[in-house]
Amino acid sequence: MRHGVARFVTGFLALPVALYLFYVVWPFAQAAGYSLTDWGGYSDRQQFVGLDNYVRLLSDELIRKAFWHNVFFLVTVPLFTIALALLLAFLLNVGGREDRAGIRGVFGSGLYKVIFFFPQVLSLVVIAVMWQQIYRADGQGLINGLLIKIGLVDADNPIAFTNDPEPFLGVPAVLWWLLLIAVWSGAGFYMVLFSAAMQSIPKDVYEAAILDGAGRFHTFFRITLPLLRDTVSVAWVYLGFIALDMFALVYVMTPSQGGPNHASEIFASVINFNAFQKGQFGYACAIAVSLAIFTILLAALQLRITRRERIEY
Amino acid sequence: MSTVTHTSGRARPTPPPPAGTTPGPVAESAANGVGARIFNGFSHLFLVVWAIMVVYPLLWVVMSALKTDAEVIRKPLSLFPASLQWDNFARAWTAGIDSFFLNTLLVLVGSVFLTMLLGSMAAYALARYEFPGNRLIYWMFLSGLTLPIYLAAVPLFKGVYNTGVVLPLLGPNKHVMLILVYVAWSLSFTVFFMHSFFRTLPNAIAEAGLVDGASHTRLFFSVMLPMAKPGLISIGIFNVLGQWNQWYLPTLLMQSVAGEPKNQVIAQGLIELSVNQGYKSDWSGLFAGVTMAMLPVLIVYIVFQRQVQSGLTAGVGK
Numbered sequence: 001m002r003h004g005v006a007r008f009v010t011g012f013l014a015l016p017v018a019l020y021l022f023y024v025v026w027p028f029a030q031a032a033g034y035s036l037t038d039w040g041g042y043s044d045r046q047q048f049v050g051l052d053n054y055v056r057l058l059s060d061e062l063i064r065k066a067f068w069h070n071v072f073f074l075v076t077v078p079l080f081t082i083a084l085a086l087l088l089a090f091l092l093n094v095g096g097r098e099d100r101a102g103i104r105g106v107f108g109s110g111l112y113k114v115i116f117f118f119p120q121v122l123s124l125v126v127i128a129v130m131w132q133q134i135y136r137a138d139g140q141g142l143i144n145g146l147l148i149k150i151g152l153v154d155a156d157n158p159i160a161f162t163n164d165p166e167p168f169l170g171v172p173a174v175l176w177w178l179l180l181i182a183v184w185s186g187a188g189f190y191m192v193l194f195s196a197a198m199q200s201i202p203k204d205v206y207e208a209a210i211l212d213g214a215g216r217f218h219t220f221f222r223i224t225l226p227l228l229r230d231t232v233s234v235a236w237v238y239l240g241f242i243a244l245d246m247f248a249l250v251y252v253m254t255p256s257q258g259g260p261n262h263a264s265e266i267f268a269s270v271i272n273f274n275a276f277q278k279g280q281f282g283y284a285c286a287i288a289v290s291l292a293i294f295t296i297l298l299a300a301l302q303l304r305i306t307r308r309e310r311i312e313y
Numbered sequence: 001m002s003t004v005t006h007t008s009g010r011a012r013p014t015p016p017p018p019a020g021t022t023p024g025p026v027a028e029s030a031a032n033g034v035g036a037r038i039f040n041g042f043s044h045l046f047l048v049v050w051a052i053m054v055v056y057p058l059l060w061v062v063m064s065a066l067k068t069d070a071e072v073i074r075k076p077l078s079l080f081p082a083s084l085q086w087d088n089f090a091r092a093w094t095a096g097i098d099s100f101f102l103n104t105l106l107v108l109v110g111s112v113f114l115t116m117l118l119g120s121m122a123a124y125a126l127a128r129y130e131f132p133g134n135r136l137i138y139w140m141f142l143s144g145l146t147l148p149i150y151l152a153a154v155p156l157f158k159g160v161y162n163t164g165v166v167l168p169l170l171g172p173n174k175h176v177m178l179i180l181v182y183v184a185w186s187l188s189f190t191v192f193f194m195h196s197f198f199r200t201l202p203n204a205i206a207e208a209g210l211v212d213g214a215s216h217t218r219l220f221f222s223v224m225l226p227m228a229k230p231g232l233i234s235i236g237i238f239n240v241l242g243q244w245n246q247w248y249l250p251t252l253l254m255q256s257v258a259g260e261p262k263n264q265v266i267a268q269g270l271i272e273l274s275v276n277q278g279y280k281s282d283w284s285g286l287f288a289g290v291t292m293a294m295l296p297v298l299i300v301y302i303v304f305q306r307q308v309q310s311g312l313t314a315g316v317g318k
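Protein chains in written order, with the UniProt record's numbering: chain Y, 1 to 313; chain Z, 1 to 318.
Shown next, in the form of structure tokens:
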């Protein structure tokens, strides 16, 4: 039975592994190498400096800032997206009328689901360009225009949105405005995910609960939510990756890609800034390697925390 | 809290229909308390508000694409232009959107097909055969999920540039090169996803196939791959959307060398349009461009919404 297995496995793996090594692993390995040099990125001159870059980044004010901004997104993006998605899924699935067959989803829940999912199929670039227009700070954007019209905002002093470095609850306002876009674009997707998970819970579980006199809130918090634990924790891990990668939004939407005045710097934008604007490529690579290590540790931690026995229905 | 006390304790003669189906004409008056009605109303209110928050900006972009530039600036809020300016679309189309679409299509046809083929082949070999180095290769693919792409940017560009000197087809600004890069960068998740899928397939069928004298390759293509169809659909949709939306890699790699025009894909081209229109202040043209990038995807999604929803959520749920 083992005849030809080695040849078969080699044949199947050769091309994908070769492509992956050449276009993914090799650039990463090179970058890790550059992180030990003072290479500027454009010249051919480079000197080995050992771990100097890594020592330097520990006391870099900009990186400390970016680190806390990343932590902010890491906490808020999953938290708000999942909370909103759960609320929407809850309303969709148990917000309807009750009848002899138990609690129903609201009328038109299929249509709502289709609409809420829209942002998920749009390109991040389309979303960013669109929100740029919505957030325009000169009173002509969608939100400023609306608020001026109903008198909530002074026409001479419109909301600055992503140009606003002033802290709100200790975090620069620009980050909150970016968070809103992330939640807006993600909630529908996770709502559909949670809805599907809710519907895969067998009906007799609910019937038993209703027979015991549990209402829809009780049923939701005591039965649905605990049974959704697996799905929610997977969603948390995924949203964690998304939160670490808010770069497209920062890149398109903030002044000088991380501004104003570095108020929206995240790891990725600091890497970009150091590599392409300050011409310190070796240092940028050191930051990126640190970010990679941070991400891997975080992923391992999350997997360990969320690992749990599966419930078989 | 208990709002279903009317019905509780009563045996139900008919089993309830599965959720997700629209409510049938069931007598429901007796079962609905006042609280339930209020809650139902509140649910609808909240859902409608969120639906408006999703649809209104999209609609606003589409309608702004039909305004004159003057209207975009003077009456930014209105959803109803005085007259429909269809030539905004014609202008944006000839200003580059036509070639963006063609380039995107050329690249995606190749890259999605190859990603699926190579990804499932690798995942299958890793999931169902034991050999030294199996775990190493698997973890190598998996680690790609956590590494920041920006780290690889400059070495990747240098690698592509140097390859282009020897093999022009694989140099910067070439479709074939972008296809291979997309495939390489999509392998991590594809392998990860299909790996877990192939592991769940029953052993008995594979063994029966081998006993019947099928080769390993034949077993894969005519037995195992068809059995993995649901997984292939999920990961296929995931890759189509992911690669359609990719903007960083093309911005990095589809750069003009030696004066030839850039072969831009749609996401990359839109960023450039949105930067350039700052000089030309062709706002309506920008909105038209965004609309054209957005509508095909939305239409495909609305037509295939069930498959897309289940495909994408299965990609996370596995």
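Glycine included, C-beta positions come from ideal geometry on N, C-alpha and C.
Minimum Cβ-Cβ distance from residue i to chain Z less than 8 Å
| i | result |
| --- | --- |
| Y:Gln-302 | no |
| Y:Tyr-112 | yes |
| Y:Gln-140 | yes |
| Y:Gly-188 | yes |
| Y:Phe-28 | yes |
| Y:Gly-240 | no |
| Y:Pro-119 | yes |
| Y:Ala-208 | no |
| Y:Val-9 | yes |
| Y:Thr-81 | no |
| Y:Leu-13 | yes |
| Y:Thr-37 | no |
| Y:Tyr-54 | no |
The alpha helix (DSSP H) enclosing residue i, as first and last residue numbers
| i | result |
| --- | --- |
| Y:Gln-133 | 124–134 |
| Y:Arg-45 | First-last for Y:Arg-45: undefined, no H or E at that position. |
| Z:Ala-293 | 283–303 |
| Y:Phe-247 | 247–253 |
Chain Y contact residues for residue i, given Cβ-Cβ distances below 9 Å
| i | result |
| --- | --- |
| Z:Trp-86 | Going along chain Y, no residue has its Cβ under 9 Å from Z:Trp-86, so there is no contact; the nearest lies around 20 Å. |
| Z:Gly-119 | Pro-16 |
Chain-ordered chain Z contacts of residue i [CB-CB under 7 Å]
| i | result |
| --- | --- |
| Y:Met-246 | Per Cβ cutoff of 7 Å: no residues; Y:Met-246 is ~12 Å from chain Z at best. |
| Y:Ala-299 | Thr-146 |
| Y:Lys-65 | Within chain Z, no residue comes near Y:Lys-65; the closest Cβ sits about 18 Å away, beyond 7 Å. |
| Y:Gly-41 | Val-154 |
Separation of residue j from residue i, as counted between CA atoms
| i | j | result |
| --- | --- | --- |
| Y:Leu-249 | Y:Ser-123 | 12 Å |
| Y:Asp-164 | Y:Ala-83 | 26 Å |
| Y:Ala-18 | Y:Thr-254 | 38 Å |
| Z:Pro-25 | Z:Phe-101 | Its pLDDT being 39, under 50, Z:Pro-25 is placed unreliably in this model, and the coordinates cannot settle the point. |
| Y:Trp-236 | Z:Thr-146 | 15 Å |
| residue 319 of chain Z | Y:Gly-186 | In the structure as shown, chain Z begins at 1 and stops at 318. Residue 319 of chain Z is therefore absent and cannot be evaluated. |
| Z:Leu-241 | Y:Tyr-20 | 21 Å |
| Z:Asn-173 | Y:Asn-261 | 35 Å |
| Z:Leu-187 | Z:Phe-287 | 34 Å |
| Y:Ile-296 | Y:Val-289 | 11 Å |
| Y:Ser-195 | Y:Phe-107 | 15 Å |
| Z:Ala-267 | Z:Met-53 | 24 Å |
| Y:Glu-166 | Y:Glu-265 | 14 Å |
Contacts that residue i makes with chain Y (C-beta to C-beta distance below 8 Å)
| i | result |
| --- | --- |
| Z:Ser-274 | Val-129, Gln-132 and Val-252 |
| Z:Ile-271 | Val-125, Val-129 and Val-252 |
Chain Y contact for residue i (CB, 8 Å cutoff)
| i | result |
| --- | --- |
| Z:Trp-50 | yes |
| residue 320 of chain Z | As displayed, chain Z neither begins before 1 nor continues past 318, which places residue 320 of chain Z out of reach and without an answer. |
| Z:Ala-125 | yes |
| Z:His-44 | yes |
| Z:Trp-244 | yes |
| Z:Gln-307 | no |
Burial state of residue i, where buried means 16 or more other Cβ atoms lie within 10 Å
| i | result |
| --- | --- |
| Y:Ile-150 | exposed |
| Z:Ala-31 | Only weak support exists for where Z:Ala-31 lies, its pLDDT of 45 falling under 50; the coordinates are left without a value. |
| Z:Val-165 | exposed |
| Y:Leu-178 | buried |
| Y:Gln-47 | exposed |
| Z:Ile-38 | exposed |
| Z:Glu-130 | exposed |
| Z:Gly-133 | exposed |
| Z:Phe-198 | buried |
| Y:Gln-120 | buried |
Partners in chain Y for residue i, counting only beta-carbon separations shorter than 7 Å
| i | result |
| --- | --- |
| Z:Val-183 | Leu-19 |
Chain Z residues whose Cβ lies nearer than 9 Å to that of residue i
| i | result |
| --- | --- |
| Y:Asn-272 | Tyr-150 and Ala-153 |
Per-residue contacts from residue i into chain Z (C-beta, under 8 Å)
| i | result |
| --- | --- |
| Y:Leu-147 | Result: empty, since nearest Cβ-Cβ is about 11 Å, beyond 8 Å. |
| Y:Ala-292 | Thr-146, Leu-147, Pro-148 and Leu-151 |
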